[in-house]
Amino acid sequence: MTDSIREIRLGLAAGEFSSVEITQDYLNKINLHNPTLNCFITITDELALEQAKAADESIARGEIKTLTGVPIAHKDIYCTDGIKTSCASKMLDNFIAPYDATVIEHFKRDGAVILGKTNMDEFAMGSSNENSYYGSVANPWDLGRVPGGSSGGSASAVAAGLAPAATGTDTGGSIRQPAALCGITGIKPTYGRVSRYGMIAFGSSLDQGGPLAHSAEDCALLLQTMAGFDPRDSTSIDQSVPDYSVDLAQDIEGIKIGLPREYFAEGLDADIANVIASAVDEFRRLGAEIVDITLPNTKLSIPVYYVVAPAECSSNLSRFDGVRFGYRCDNPTDLEDLYKRSRGEGFGDEVIRRIMIGTYALSAGYYDAYYLKAQQLRRLIKEDYEKAFERVDMILCPTTPEVAFKQGEKTDDPVSMYLQDIYTISLNLAGLPGMSIPAGFSQGLPVGLQLIGNYFEESRLLNVAHRFQQATDWHLQSPEMK
Amino acid sequence: MTDWESVIGLEVHAQLATSSKIFSGASTAYGSEPNTQACTVDLGFPGVLPVLNAEVVKMAIKFGVAIGAKICSHSVFERKNYFYPDLPKGYQISQFELPIVGTGSLEITAEEGAKKTIGITRAHLEEDAGKSLHDEFVDQTGIDLNRAGTPLLEIVSEPDMRSAKEAVAYARKIHSLVRYLEICDGNMQEGSFRCDANVSVRPVGQKELGTRTELKNINSFRFLERAINHEIQRQIDLIEGGGKVVLETRLYDSSKDETRSMRSKEEANDYRYFPDPDLLPVAVDEADIEAIRASLPELPDEKRRRYLDTLKLSEYNAELLSSNRDTAVYFEQALSRAPELKDQIVNWILGDLSAALNRNEVEIQDSPVTPQMLADLLQRIADNTISGKIAKEVFEAMWRGEGSTDRIIEARGLKQITDSSEIEGLIDDVIAANPTQVEQFRAGKEKVLGFFVGQIMKQSKGKANPGQVNSMLRDKLK
Numbered sequence: 121m122t123d124s125i126r127e128i129r130l131g132l133a134a135g136e137f138s139s140v141e142i143t144q145d146y147l148n149k150i151n152l153h154n155p156t157l158n159c160f161i162t163i164t165d166e167l168a169l170e171q172a173k174a175a176d177e178s179i180a181r182g183e184i185k186t187l188t189g190v191p192i193a194h195k196d197i198y199c200t201d202g203i204k205t206s207c208a209s210k211m212l213d214n215f216i217a218p219y220d221a222t223v224i225e226h227f228k229r230d231g232a233v234i235l236g237k238t239n240m241d242e243f244a245m246g247s248s249n250e251n252s253y254y255g256s257v258a259n260p261w262d263l264g265r266v267p268g269g270s271s272g273g274s275a276s277a278v279a280a281g282l283a284p285a286a287t288g289t290d291t292g293g294s295i296r297q298p299a300a301l302c303g304i305t306g307i308k309p310t311y312g313r314v315s316r317y318g319m320i321a322f323g324s325s326l327d328q329g330g331p332l333a334h335s336a337e338d339c340a341l342l343l344q345t346m347a348g349f350d351p352r353d354s355t356s357i358d359q360s361v362p363d364y365s366v367d368l369a370q371d372i373e374g375i376k377i378g379l380p381r382e383y384f385a386e387g388l389d390a391d392i393a394n395v396i397a398s399a400v401d402e403f404r405r406l407g408a409e410i411v412d413i414t415l416p417n418t419k420l421s422i423p424v425y426y427v428v429a430p431a432e433c434s435s436n437l438s439r440f441d442g443v444r445f446g447y448r449c450d451n452p453t454d455l456e457d458l459y460k461r462s463r464g465e466g467f468g469d470e471v472i473r474r475i476m477i478g479t480y481a482l483s484a485g486y487y488d489a490y491y492l493k494a495q496q497l498r499r500l501i502k503e504d505y506e507k508a509f510e511r512v513d514m515i516l517c518p519t520t521p522e523v524a525f526k527q528g529e530k531t532d533d534p535v536s537m538y539l540q541d542i543y544t545i546s547l548n549l550a551g552l553p554g555m556s557i558p559a560g561f562s563q564g565l566p567v568g569l570q571l572i573g574n575y576f577e578e579s580r581l582l583n584v585a586h587r588f589q590q591a592t593d594w595h596l597q598s599p600e601m602k
Numbered sequence: 000m001t002d003w004e005s006v007i008g009l010e011v012h013a014q015l016a017t018s019s020k021i022f023s024g025a026s027t028a029y030g031s032e033p034n035t036q037a038c039t040v041d042l043g044f045p046g047v048l049p050v051l052n053a054e055v056v057k058m059a060i061k062f063g064v065a066i067g068a069k070i071c072s073h074s075v076f077e078r079k080n081y082f083y084p085d086l087p088k089g090y091q092i093s094q095f096e097l098p099i100v101g102t103g104s105l106e107i108t109a110e111e112g113a114k115k116t117i118g119i120t121r122a123h124l125e126e127d128a129g130k131s132l133h134d135e136f137v138d139q140t141g142i143d144l145n146r147a148g149t150p151l152l153e154i155v156s157e158p159d160m161r162s163a164k165e166a167v168a169y170a171r172k173i174h175s176l177v178r179y180l181e182i183c184d185g186n187m188q189e190g191s192f193r194c195d196a197n198v199s200v201r202p203v204g205q206k207e208l209g210t211r212t213e214l215k216n217i218n219s220f221r222f223l224e225r226a227i228n229h230e231i232q233r234q235i236d237l238i239e240g241g242g243k244v245v246l247e248t249r250l251y252d253s254s255k256d257e258t259r260s261m262r263s264k265e266e267a268n269d270y271r272y273f274p275d276p277d278l279l280p281v282a283v284d285e286a287d288i289e290a291i292r293a294s295l296p297e298l299p300d301e302k303r304r305r306y307l308d309t310l311k312l313s314e315y316n317a318e319l320l321s322s323n324r325d326t327a328v329y330f331e332q333a334l335s336r337a338p339e340l341k342d343q344i345v346n347w348i349l350g351d352l353s354a355a356l357n358r359n360e361v362e363i364q365d366s367p368v369t370p371q372m373l374a375d376l377l378q379r380i381a382d383n384t385i386s387g388k389i390a391k392e393v394f395e396a397m398w399r400g401e402g403s404t405d406r407i408i409e410a411r412g413l414k415q416i417t418d419s420s421e422i423e424g425l426i427d428d429v430i431a432a433n434p435t436q437v438e439q440f441r442a443g444k445e446k447v448l449g450f451f452v453g454q455i456m457k458q459s460k461g462k463a464n465p466g467q468v469n470s471m472l473r474d475k476l477k
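Protein chains in written order, with the working numbering: chain A, 121 to 602; chain B, 0 to 477.
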């Protein structure tokens, strides 16, 4: 068996194995390893086998769509019709979504099988998957370490071979950082490329869905399914989706890759710096021209992000009030008590912290100093990138300043936790697409390399990543699962 | 003794007459079973997103153009954050800093017929909240979210009105305008047209405004006038008694004809407005505005002017006929069928027709006597087929649905008697039967003529031509 979607498709089409067989195989692995890894909140085994059976019948009739019979896991932030959609929160522990997110519809349209819903940081707030009502997730490379977050369940499941691919969402690095920490490939597309409809909102102007898989090639296939204009999302962009697979193998001779000097400065682990330097050499061998660039305002990304994202989430999470769905406290004495206790008991600490920060930043008298100022700085960060892309085709840097850290190491220090996203967060503020690909190891733990593209240049990103993966085998390394 | 001046500004919420909601595809129809017209978007379910109904933008622009306002090329939806059970998302999507309609104005006819211009500060788009039902369940509150997401245009005036009558004139003018523009059905009972009044008083001559209160829950023009007058008096009494007006929201209770405090503004929420990241700014260009301007119907002021200048109607009649769009439509349809009977049409619409509509509580557009039927009826008076008196009988019959003018005249044998010999016969009979009165007339008692006319009309069942009866009777009695 294989964890490559490309190979699964070929095998299914050639009749080497059936969808039921491969689905059952993944379900077996999930049942075996999930108790240790805790990367699934819900396992939809019956539904998966039903869908796999239907897929096999389609294949027998010769009706094969891009993902017919391919099993996939979905981050528990995507609403799935008739299936619990918890966002890893006590608040939604009892919530069965009455509809499918657009992304889920697309996977159904293209014939994919759903294995289950993956664990995550509650409401996608976190960088370690330790903020989950369902408990933390283990990194399959070292069970004592975090898988990253917020799409930690998805990254852990893919790295451990419990699913060939999974969906994630990325508000400040939530696809790229866990992909890096788990040694897999993940892409966050341009803001507006993938519909946010049915993706439970954290920071609406930052959130973007994308896939996590073992290779750029697989990510291209998955993004093909996920992307596209959606009239139900006003921020979705009405632009045709190119064929992401067609240019994957193109030569990258002459491509200009910029290294932002600010991303190789203080705070970066020396081992990681070495791994990235080797990767840069590899790109040189592939014909890339390496250019020194500067992104002077990106140092503002963390403070800007921690005003914008909490401000938006403080409002986005107001709908969880115990009135219409989700958690409601026992025996409320009056309306105020209902609100206070339902929300106080239903949300975890990090969610409450961010709601408080955001509420403060939007309050009368503080709005100009925080929210408005952050929006102005956000424009400067975007302009930095625009200037850089006048000189280079792509930007390269580490995905994270450190490899996977130990569980519990940063839970009492939110700022140190927030700094994990220092290289990823500015892309969300600018709306740019970015990828993380495995580039080597440090102390036996995977190191991720981030590629940043210009707006809507996902094809180029995937092409450059694929060329690197053809020349290296870091993405083929997998942890030993006992 | 201080002389007081009242200062009034109005906030009108006009529900836009779209078939679906402002940010979802759910129906806006009134009066359905609770929570049957609320989709996942209206219910604020996790993951759903708003999509702007393009129709509401057109409607807002229509209104803006009609009041000569600046239409903002770039307007922004913001979130007004507060918790309430009938507000599903925990925020209302509204416009705050950049509304779609900027400053404009409206001319009203104030007291004693004087014209006065009222400034309009802005008009913005927003979604309505649902309803809390406090009386349906014991010890519990029900929530009906059918109304949640209904599109509203909030029209905010300057504090330019100086009396309750002016405020009502302004509110009526807005009401007439939105109905002319067909952007709001204007139904106040169902809440599609709501007025909140900001009221303050100050000594005549003082420049600074007094502390205002906001009056809510007013669902008719009559109550608007009463609520404002009541509040003006309450404030004056309060100040003269040594008290102070506090900034607060007051509810008008029509059953007790009083206002009472709902909440003070000091306790008000900090709404934490910020641009809604789920919605793009609304971009409107000159071409959109011009296309809408070109599509506008004739508006009440233009119509009134045309009635005055071209149709030569009196100021009073022109105002009455133009202020309600449906009345104007009725008038113009009748007029197109019988242009030569303009004065008669005006008199009948404002007289018998209006009376019948009021008596039966029917709106003019639903009148069983259509403009065409009315014009036909008036034509039969003009061509002497029936008298004005008989016409009233025919009108009543048409109202009851007995058919066209001609059918009723035919069926009831109401055709006027114009044959001289037949009328002569009737006169002779009456003279012969009333010798005493004949003597009186001949002795110079002119009044008795009326008695004879009455008797003859009675004998003819009203069908004798009254003009003919009069002149022939005089000849006979000589």
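Cβ atoms here follow ideal geometry from the backbone N, Cα and C, with glycine treated the same way.
Model, not experiment: these values are computed from the prediction.
Query, Result
"Which residue's Cα is closest to the Cα of residue 182 (chain A): A:565, A:313 and A:134?", "A:134"
"Exposed or buried, what is residue 200 (chain A) when buried is set at 16 or more other beta-carbons lying within 10 Å of its beta-carbon?", "buried"
"Nearest to residue 237 (chain A) by CA position, among A:368, A:178, A:287 and A:377, is which residue?", "A:287"
"Which class does residue 445 (chain B) belong to by DSSP, given the choice of helix, strand or coil?", "coil"
"Judging by CA-CA distance, which residue of A:532, A:560 and A:514 is the nearest neighbour of residue 579 (chain A)?", "A:514"
"Does DSSP put residue 436 (chain A) in a helix, in a strand, or in coil?", "helix"
"Pull up the CB-CB distance for residue 415 (chain A) and residue 382 (chain A), whole angstroms please, since I reckon it's below 8 angstroms.", "6 angstroms"
"Any beta carbon of chain A sitting closer than 8 angstroms to that of residue 50 (chain B)?", "yes"
"Just how far apart, CA to CA, sit residue 12 (chain B) and residue 538 (chain A)?", "45 angstroms"
"Applying the criterion that 16 or more other CB atoms from any shown protein chain within 10 Å of the CB defines a buried residue, is residue 476 (chain A) buried or exposed?", "exposed"
"Per the DSSP calculation, residue 125 (chain B) is bridged to which residue(s)?", "B:151"
"Mind checking if residue 310 (chain B) is an interface residue toward chain A, Cβ cutoff 8 angstroms exclusive?", "no"
"At 8 angstroms on the CB atoms, spell out the chain A contacts of residue 84 (chain B), in chain order.", "441, 443 and 455"
"With burial defined as no fewer than 16 other Cβ atoms inside 10 Å of the residue's Cβ, what is the status of residue 498 (chain A): buried or exposed?", "buried"
"Which one of A:483, A:249 and A:470 has the shortest CA to CA distance from residue 275 (chain A)?", "A:249"
"Strictly below 7 angstroms CB to CB, what residues from chain A border residue 87 (chain B)?", "439 and 444"
"Find the nearest neighbour of residue 226 (chain A) within the set A:196, A:185 and A:512, judged by alpha-carbon distance.", "A:185"
"For residue 436 (chain B), which residues of its own chain have a beta-carbon under 8 angstroms away from its beta-carbon, when the five flanking residues on both sides are left out?", "447, 450 and 451"
"Should residue 125 (chain B) go down as buried or exposed, given a rule of 16 or more other Cβ atoms within 10 Å for buried?", "buried"
"Which residue wins for smallest C-alpha separation from residue 404 (chain A), given the options A:357, A:273, A:584 and A:190?", "A:584"
"In whole angstroms, what separates the C-alpha of residue 359 (chain A) from that of residue 348 (chain A)?", "8 angstroms"
"So residue 18 (chain B) and residue 26 (chain B) are in contact, right, with Cβ under 8 angstroms, and what is the actual spacing, rounded?", "7 angstroms"
"Answer with buried or exposed for residue 315 (chain B), where buried requires no fewer than 16 other C-beta atoms within 10 angstroms of its C-beta.", "exposed"
"Does the beta carbon of residue 269 (chain B) come closer than 8 angstroms to any beta carbon on chain A?", "yes"
"Below 8 angstroms, can you find three or more Cβ-Cβ pairs linking the segment 234–247 of chain B to the segment 277–290 of chain B?", "no"
"Is the number of C-beta pairs between the segment 555–567 of chain A and the segment 384–399 of chain A that are closer than 8 angstroms three or more?", "yes"
"Should residue 330 (chain A) and residue 598 (chain A) be called a contact, given that it needs their Cβ atoms to be closer than 8 angstroms?", "no"
"Quick one: residues in its chain with C-beta nearer than 7 angstroms to the C-beta of residue 271 (chain A), no 5 flanking neighbours on either side, listed in chain order?", "195, 240, 288, 289, 294, 295, 298 and 332"
"Between which residues of its own chain and residue 468 (chain A) is the CB-CB distance below 6 angstroms, once the five residues before and five after are set aside?", "242 and 251"
"Is residue 183 (chain A) helix, strand or coil when you go by DSSP?", "coil"
"Just to confirm before moving on: does the CB-CB distance between residue 509 (chain A) and residue 313 (chain A) stay below 8 angstroms?", "no"
"In chain A, what lies closer than 8 angstroms to residue 17 (chain B) by C-beta?", "Under the 8 angstroms cutoff, chain A gives no residues; its nearest Cβ is about 17 angstroms from residue 17 (chain B)."
"Mind listing the chain A neighbours of residue 277 (chain B)? Cutoff is C-beta to C-beta under 7 angstroms, in chain order.", "324, 354 and 355"
"May I ask which residues mark the beginning and end of the alpha helix (DSSP H) holding residue 502 (chain A)?", "493–511"
"For residue 145 (chain B), go through chain A and note every residue whose CB falls closer than 9 angstroms to its CB, in chain order.", "Within 9 angstroms Cβ-Cβ: nothing; residue 145 (chain B) doesn't reach chain A, min ~14 angstroms."
"Does residue 199 (chain A) get closer than 8 angstroms to chain C when you measure Cβ to Cβ?", "This model lacks chain C altogether; the protein chains it does include are A and B."
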